[in-house]
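**Student:**
Protein chains: 2
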Amino acid sequence: MRTERLPTLEDVARVAGVSRATVSRVINGIRNVDPQLHEVVWDAVGRTGYVPNRLARSLVTRRTGTVALVVSDSESHDDDPFMSRFFADPYFGRVVGGLMSVLRRQGVQLALQIVGTDDGRKRLVGDLRNGQADGAIVLSLPAVDPLPRMLTEGDVPAVLIGRPAEPVPIDYVDLANDTGAALAAEHLLTRGCQRIGMISGPADVPASSDRVAGFRRALARRGHGWVPIETGNFTRDSGEAAMRTLLAANPELDGVFVANDLMALGALAALREAGRRVPDDLAVVGFDDSSAAVAASPALTTIRHPLEDMAAEAARLLLARIEDPAMRVSSVIYEPVLVERESA
Amino acid sequence: MRTERLPTLEDVARVAGVSRATVSRVINGIRNVDPQLHEVVWDAVGRTGYVPNRLARSLVTRRTGTVALVVSDSESHDDDPFMSRFFADPYFGRVVGGLMSVLRRQGVQLALQIVGTDDGRKRLVGDLRNGQADGAIVLSLPAVDPLPRMLTEGDVPAVLIGRPAEPVPIDYVDLANDTGAALAAEHLLTRGCQRIGMISGPADVPASSDRVAGFRRALARRGHGWVPIETGNFTRDSGEAAMRTLLAANPELDGVFVANDLMALGALAALREAGRRVPDDLAVVGFDDSSAAVAASPALTTIRHPLEDMAAEAARLLLARIEDPAMRVSSVIYEPVLVERESA
DNA sequence: TAACACTCGGAAAGCGCTCTCCAACCCGAA
DNA sequence: TTCGGGTTGGAGAGCGCTTTCCGAGTGTTA
Chain W
1 MRTERLPTLE DVARVAGVSR ATVSRVINGI RNVDPQLHEV VWDAVGRTGY
51 VPNRLARSLV TRRTGTVALV VSDSESHDDD PFMSRFFADP YFGRVVGGLM
101 SVLRRQGVQL ALQIVGTDDG RKRLVGDLRN GQADGAIVLS LPAVDPLPRM
151 LTEGDVPAVL IGRPAEPVPI DYVDLANDTG AALAAEHLLT RGCQRIGMIS
201 GPADVPASSD RVAGFRRALA RRGHGWVPIE TGNFTRDSGE AAMRTLLAAN
251 PELDGVFVAN DLMALGALAA LREAGRRVPD DLAVVGFDDS SAAVAASPAL
301 TTIRHPLEDM AAEAARLLLA RIEDPAMRVS SVIYEPVLVE RESA
Chain C
1 MRTERLPTLE DVARVAGVSR ATVSRVINGI RNVDPQLHEV VWDAVGRTGY
51 VPNRLARSLV TRRTGTVALV VSDSESHDDD PFMSRFFADP YFGRVVGGLM
101 SVLRRQGVQL ALQIVGTDDG RKRLVGDLRN GQADGAIVLS LPAVDPLPRM
151 LTEGDVPAVL IGRPAEPVPI DYVDLANDTG AALAAEHLLT RGCQRIGMIS
201 GPADVPASSD RVAGFRRALA RRGHGWVPIE TGNFTRDSGE AAMRTLLAAN
251 PELDGVFVAN DLMALGALAA LREAGRRVPD DLAVVGFDDS SAAVAASPAL
301 TTIRHPLEDM AAEAARLLLA RIEDPAMRVS SVIYEPVLVE RESA
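Top to bottom, those sequences are chains W and C.
Using full-length UniProt numbering, count along the first sequence one by one with no gaps and you end on 344.
Using full-length UniProt numbering, count along the second sequence one by one with no gaps and you end on 344.
1) By how many angstroms is the C-alpha of serine 74 of chain C removed from the C-alpha of arginine 121 of chain W?
2) Determine, using beta carbons only, whether methionine 100 of chain C and isoleucine 114 of chain W come nearer to each other than 8 angstroms.
3) Between the C-alpha atoms of glutamine 106 of chain W and valine 71 of chain C, what's the straight-line distance to the nearest angstrom?
4) Go ahead and pull the three-state DSSP assignment for tyrosine 50 of chain W.
5) Any residues in the segment 123-147 of chain C with a beta carbon nearer than 8 angstroms to a beta carbon of chain W? Which ones, in chain order?
6) Would you call serine 200 of chain C buried or exposed, if buried means 16 or more other Cβ atoms sit within 10 Å of its Cβ?
7) Express the C-alpha separation of leucine 139 of chain C and phenylalanine 92 of chain C in angstroms, rounding to a whole number.
8) With burial defined as no fewer than 16 other Cβ atoms inside 10 Å of the residue's Cβ, what is the status of alanine 184 of chain C: buried or exposed?
9) Which residues in the same chain as methionine 243 of chain C place their Cβ atom closer than 6 angstroms to its Cβ, once the five residues preceding and following it in sequence are excluded?
10) Per the contact definition of three or more C-beta pairs closer than 8 angstroms, is the segment 292-299 of chain C in contact with the segment 198-218 of chain C?
11) Taking only beta-carbon atoms, is phenylalanine 287 of chain C less than 8 angstroms away from chain W?
12) Step through the CB atoms of chain C and report whether any lies within less than 8 angstroms of the CB of phenylalanine 234 of chain W.
13) Using a Cβ-Cβ cut-off of 8 angstroms, state whether valine 329 of chain W counts as contacting chain C.
14) Less than 8 angstroms separating the beta-carbons of valine 294 of chain W and alanine 344 of chain W?
15) Specify whether the segment 185-193 of chain W and the segment 158-171 of chain W touch according to this definition: at least 3 beta carbon pairs, one from each stretch, less than 8 angstroms apart.
16) For the putative contact between asparagine 260 of chain C and leucine 6 of chain W, defined by C-beta atoms under 8 angstroms, what is the C-beta separation to the nearest angstrom?
17) Can you tell me whether DSSP reads phenylalanine 234 of chain C as helix, strand or coil?
18) Do you know offhand how far valine 67 of chain W's Cα is from leucine 318 of chain C's?
19) Less than 6 angstroms between C-beta atoms, sequence neighbours within five positions excluded: which residues of the same chain meet that for alanine 218 of chain W?
20) Give the secondary structure of alanine 158 of chain W by DSSP, where H, G and I count as helix, E and B as strand, and everything else as coil.
21) For glutamine 132 of chain W, does the three-state DSSP call read helix, strand or coil?
22) Phenylalanine 287 of chain W and valine 258 of chain W look like a contact to me (Cβ under 8 angstroms); what is the Cβ gap, rounded to whole Å?
23) What's the call for methionine 327 of chain C, buried or exposed, on a 16-neighbour Cβ count within 10 Å?
24) Are the C-beta of arginine 54 of chain W and some C-beta of chain C separated by less than 8 angstroms?
25) Please list the residues of the segment 267-294 of chain C that have a C-beta atom closer than 7 angstroms to any C-beta atom in chain W, keeping them in chain order.
26) Are the C-beta of glutamine 194 of chain C and some C-beta of chain W separated by less than 8 angstroms?
27) What does DSSP give as the partner residues of glycine 65 of chain W in its beta bridges?
28) Would DSSP call isoleucine 137 of chain W helix, strand or coil?
29) Give me the DSSP bridge partner(s) of methionine 263 of chain W.
30) Are the beta-carbon atoms belonging to methionine 310 of chain W and glycine 98 of chain W less than 8 angstroms from one another?
31) For threonine 245 of chain W, which beta-bridge partners are listed by DSSP?
32) For glycine 197 of chain W versus valine 102 of chain W, is the C-beta spacing smaller than 8 angstroms?
33) Considering only the beta carbon of each residue, do valine 156 of chain C and glycine 135 of chain C sit closer than 8 angstroms?
34) I'd like to know whether the C-beta atoms of serine 238 of chain C and proline 90 of chain C end up nearer to each other than 8 angstroms.
35) Ignore the nearest five residues each way along the sequence and tell me which others in threonine 8 of chain W's own chain have a CB closer than 8 angstroms to its CB.
36) Considering only the alpha carbon of each residue, which of W:Pro325, W:Ser331, W:Gly29, W:Arg47 lies closest to aspartate 11 of chain W?
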């Protein structure tokens with residue numbers, strides 16, 4: 001039972017024999033305090049076991065020392081297994097790790113928020129405007145999401161991870177998805193592949209369409225004007241299915257670029273089942289360099305996505321914007337690299 | 001620039017032509033309010049676009065509607081890559097997913113806290129006592145951690161995931177690690193393995209020592225009094241190394257239980273390199289049923305750890321304890337099951 | 001009509017903190 | 001001694017909300 005009242009500034013002041021204001025000044029390291037008093041106050045703090053109440057402080061300073069990590073989902077039928085799938089994926093953890101690496105050092109906390117409905121989004125923005133957090137890092141899952149615009153219109157400092165689907169004046173960090181896809185194309189070509197296909201993600205999410213565009217463009221530049229593409233939804237199973245149909249329609253395929261590692265895992269399974277040897281009969285390049293890539297067999301040649309670095313940069317950007325809300329809107333694009341393993 | 005002042009209760013009261021108190025009553029759904037006024041107030045709320053300020057509310061109610069997810073690490077040399085490894089592991093995400101599945105429904109938020117030093121722990125407990133959060137879910141990484149005791153002594157509602165290393169009167173959820181290990185032993189035995197080894201985790205973490213004990217006991221009961229054991233640290237590489245030395249010392253090995261899937265992945269690599277076929281020459285059973293288990297090839301036979309369910313239960317337990325701090329200390333132990341795939 | 005029990009809404013006291021004023025004081029210059 | 005400038009510390013007004021306490025209004029019973 002949390003009964004005994006915790007010591008407050010008032011108590012410390014009484015013990016130290018000074019006023020509340022003075023204690024506050026000392027605690028917050030404001031000069032203009034006699035060094036002697038300074039010591040007396042700290043001593044009283046120690047004796048009382050005083051810990052400042054962040055809530056009360058935030059209420060007046062309008063600063064919470066917290067940023068929100070917002071996961072904006074589209075259709076959250078509550079028992080949607082999607083969310084749990086999302087969390088189980090290393091993607092989420094890598095983002096958190098990257099964010100924490102810079103936030104922690106600044107003593108900034110991270111609060112997790114998940115919104116699935118427009119109503120939820122409205123409430124979220126309201127809470128943020130009320131100073132529930134100093135700003136937000138946004139992971140936007142739906143292809144088209146009103147949240148980024150709502151945030152800018154609400155003057156909430158926010159940074160997106162991944163570019164917004166529609167143009168919104170908001171800070172973001174992203175990966176040069178097209179360059180990554182081009183890297184995959186080059187690699188396949190260099191290996192001597194002649195019939196190259198692709199398994200893409202949903203057409204309406206930016207990261208996905210950028211990969212398709214980059215891949216197509218790179219191949220076209222090298223004389224491959226037409227590329228068979230099958231669409232998946234970034235899950236393992238969809239990758240397996242896509243690989244099967246792709247193979248059925250293009251039996252002579254000898255190389256395939258899969259838009260993420262998870263789908264590539266499924267593709268590998270489909271190929272194994274079809275009796276195709278990887279990489280000898282057919283080369284596979286994934287995307288993300290997730291932990292699945294190393295676990296796969298053969299280990300996946302893939303495009304490395306420096307997600308931790310991107311998240312860390314997003315955190316830095318957010319902190320800067322919180323510090324200076326008038327800062328000009330900026331974006332940082334990371335260049336991916338190809339990691340060669342066994343599959344291609 | 002967040003310039004214009006947001007509407008407050010006061011503003012709503014003015015628009016509705018009632019007092020602050022009445023608006024507060026309506027918003028919080030307290031009866032004793034004339035239905036007519038009720039409507040007038042809600043109308044005013046809509047017109048002003050009022051959103052209650054959680055901070056101010058929490059300050060007076062002493063309830064934040066937030067629980068902290070505390071990751072207690074031991075030695076956090078700041079650039080320690082360990083933390084990022086920890087976050088990249090699906091473990092973390094699965095816990096978050098499980099927690100959110102129940103917290104979200106209750107409108108409770110999750111705040112992430114990482115502590116690495118005793119000083120940090122002290123500050124954390126102080127903040128929690130001050131009502132920074134209503135309670136804490138604790139992920140304790142170090143083998144022996146003062147945090148659980150500090151929390152109970154500070155009367156902070158808290159639930160551990162994984163039993164405390166030393167006895168502390170605190171709620172926790174855990175897995176019957178010994179039973180899981182016994183399951184693995186039975187399976188290996190049933191398959192006809194004769195020379196069985198184990199790759200364990202660090203000896204001082206409870207989950208790890210329980211697995212060793214359970215495995216040993218189960219084998220002993222079936223006549224295998226001695227089991228060669230090699231220790232790893234739950235990372236892939238340590239598993240690979242452990243497998244190599246285990247194999248070198250016991251060339252006739254035909255079965256091995258690896259204390260987690262990640263190390264099993266490494267073991268698989270070591271076996272492939274040594275030219276042993278899995279499961280034909282040597283059967284491998286992992287632990288966790290992480291995503292790595294399906295990605296591996298051959299897919300890992302492993303012990304399923306219902307981590308999401310455990311985390312969800314932890315959340316429920318915490319919510320209950322917050323509601324009733326006098327509730328008797330309880331723990332919930334989950335029974336693992338064996339998932340048979342290809343490796344054994 | 002008087003007395004009583006209820007119901008409902010408002011005034012105001014905080015929750016624990018920060019920070020603006022302002023009074024008190026000390027110093028050296030005139 | 002008087003005055004101006006520069007420090008230092010205290011009083012007190014909030015931050016936005018909840019909640020206790022009361023008075024006013026309503027209806028019921030004798």
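From the three backbone atoms N, C-alpha and C, an ideal C-beta is built for every residue, glycine too.
Because the structure is a prediction, the values reported are computed rather than measured.
**Tutor:** Per the coordinate set shown:
1) For the purposes of this step, residue 121 of chain W is taken as residue 121 along the first sequence, with counting starting at 1. For the purposes of this step, residue 74 of chain C is taken as residue 74 along the second sequence, with counting starting at 1. Between arginine 121 of chain W and serine 74 of chain C, the alpha-carbon positions lie close to 37 angstroms from each other.
2) What you label residue 100 of chain C is simply residue 100 of the second sequence in a count that begins at 1. What you label residue 114 of chain W is simply residue 114 of the first sequence in a count that begins at 1. Result yes, Cβ atoms of methionine 100 of chain C and isoleucine 114 of chain W sit closer than 8 angstroms.
3) Working through the first sequence from its first residue, we reach residue 106 of chain W at position 106. Working through the second sequence from its first residue, we reach residue 71 of chain C at position 71. If I take the Cα positions, the gap works out to 17 angstroms.
4) Taking the first sequence and counting its residues from 1, one reaches residue 50 of chain W at position 50. Of the three classes helix, strand and coil, the one that applies to tyrosine 50 of chain W here is coil, per DSSP.
5) Within the segment 123-147 of chain C, Arg123, Gly126, Asp127, Arg129, Asn130, Gly131, Gln132 place their CB atoms closer than 8 angstroms to a CB of chain W, listed in sequence order.
6) Working through the second sequence from its first residue, we reach residue 200 of chain C at position 200. Classification of serine 200 of chain C: buried, given that the 10 Å Cβ count is 16 or more.
7) Taking the first residue of the second sequence as 1, we reach residue 92 of chain C at position 92. Taking the first residue of the second sequence as 1, we reach residue 139 of chain C at position 139. Approximately 9 angstroms, taken between the alpha carbons.
8) Locating residue 184 of chain C in the second sequence gives position 184, counting from the first residue. Result: buried.
9) Along the second sequence, read from residue 1 onward, the residue named residue 243 of chain C stands at position 243. Excluding positions up to five away in sequence, the list reads Ala267, Ala270.
10) no
11) If you number the second sequence from 1, residue 287 of chain C lands on position 287. Taking Cβ atoms only, chain W never reaches closer than 8 angstroms to phenylalanine 287 of chain C, which makes this a no.
12) By one-based count along the first sequence, residue 234 of chain W stands at place 234. Output row for phenylalanine 234 of chain W: interface = no.
13) Sequence index remark: in the first sequence, residue 329 of chain W carries index 329 (1-based). Valine 329 of chain W does not count as touching chain C.
14) Indexing the first sequence from 1 puts residue 294 of chain W at position 294. Indexing the first sequence from 1 puts residue 344 of chain W at position 344. For valine 294 of chain W and alanine 344 of chain W, no; Cβs fall outside 8 angstroms.
15) no
16) Position 260 of the second sequence holds residue 260 of chain C. Position 6 of the first sequence holds residue 6 of chain W. The Cβ separation is near 41 angstroms, so there is no contact.
17) Numbered from its first residue, the second sequence carries residue 234 of chain C at position 234. Coil at phenylalanine 234 of chain C, not helix or strand.
18) Sequence index remark: in the first sequence, residue 67 of chain W carries index 67 (1-based). Sequence index remark: in the second sequence, residue 318 of chain C carries index 318 (1-based). Looking at the two C-alpha atoms, the distance is approximately 24 angstroms.
19) If you number the first sequence from 1, residue 218 of chain W lands on position 218. If we look at alanine 218 of chain W and ignore the five residues flanking it on each side, its Cβ neighbours are Ala182, Ala185.
20) As a first step, residue 158 of chain W is located in the first sequence; it is residue number 158 there, counting from the start. It is a strand residue.
21) Numbered from its first residue, the first sequence carries residue 132 of chain W at position 132. Note: glutamine 132 of chain W maps to coil in three-state DSSP.
22) Translated into the one-based positions of the first sequence, residue 287 of chain W becomes position 287. Translated into the one-based positions of the first sequence, residue 258 of chain W becomes position 258. Between phenylalanine 287 of chain W and valine 258 of chain W a beta carbon distance of about 7 angstroms is seen, short of the 8 angstroms cut, so the two are scored as contacting.
23) If you number the second sequence from 1, residue 327 of chain C lands on position 327. So methionine 327 of chain C ends up on the exposed side.
24) The residue given as residue 54 of chain W occupies position 54 in the first sequence. Closer than 8 angstroms to some Cβ of chain C, the Cβ of arginine 54 of chain W qualifies, so yes.
25) Ser291, Ala292
26) If you number the second sequence from 1, residue 194 of chain C lands on position 194. So, not an interface residue.
27) In the first sequence, the residue the question calls residue 65 of chain W occupies position 65. Within the DSSP secondary-structure output, glycine 65 of chain W pairs in no beta bridge.
28) Here residue 137 of chain W refers to the residue found at position 137 of the first sequence. DSSP places isoleucine 137 of chain W in strand when its eight states are reduced to three.
29) Sequence index remark: in the first sequence, residue 263 of chain W carries index 263 (1-based). BP columns for methionine 263 of chain W are empty, so no partner.
30) Sequence index remark: in the first sequence, residue 310 of chain W carries index 310 (1-based). Sequence index remark: in the first sequence, residue 98 of chain W carries index 98 (1-based). Their beta carbons are under 8 angstroms apart, which means methionine 310 of chain W touches glycine 98 of chain W by this criterion.
31) On the first sequence, residue 245 of chain W is found 245 positions in, with the first residue counted as 1. Beta-bridge pairing links threonine 245 of chain W to no other residue.
32) For the purposes of this step, residue 197 of chain W is taken as the residue at position 197 of the first sequence. For the purposes of this step, residue 102 of chain W is taken as the residue at position 102 of the first sequence. Cβ distance not < 8 angstroms, so glycine 197 of chain W and valine 102 of chain W don't count as in contact.
33) Counting from one through the second sequence, the residue named residue 156 of chain C turns up at place 156. Counting from one through the second sequence, the residue named residue 135 of chain C turns up at place 135. A contact, by the Cβ cut-off of 8 angstroms.
34) Within the second sequence, residue 238 of chain C is the residue found at index 238, counting from 1. Within the second sequence, residue 90 of chain C is the residue found at index 90, counting from 1. Result no, Cβ atoms of serine 238 of chain C and proline 90 of chain C do not sit closer than 8 angstroms.
35) The count along the first sequence starts at 1 and reaches residue 8 of chain W at position 8. If we look at threonine 8 of chain W and ignore the five residues flanking it on each side, its Cβ neighbours are Tyr50, Asn53.
36) On the first sequence, residue 11 of chain W is found 11 positions in, with the first residue counted as 1. Answer by Cα proximity: W:Arg47.
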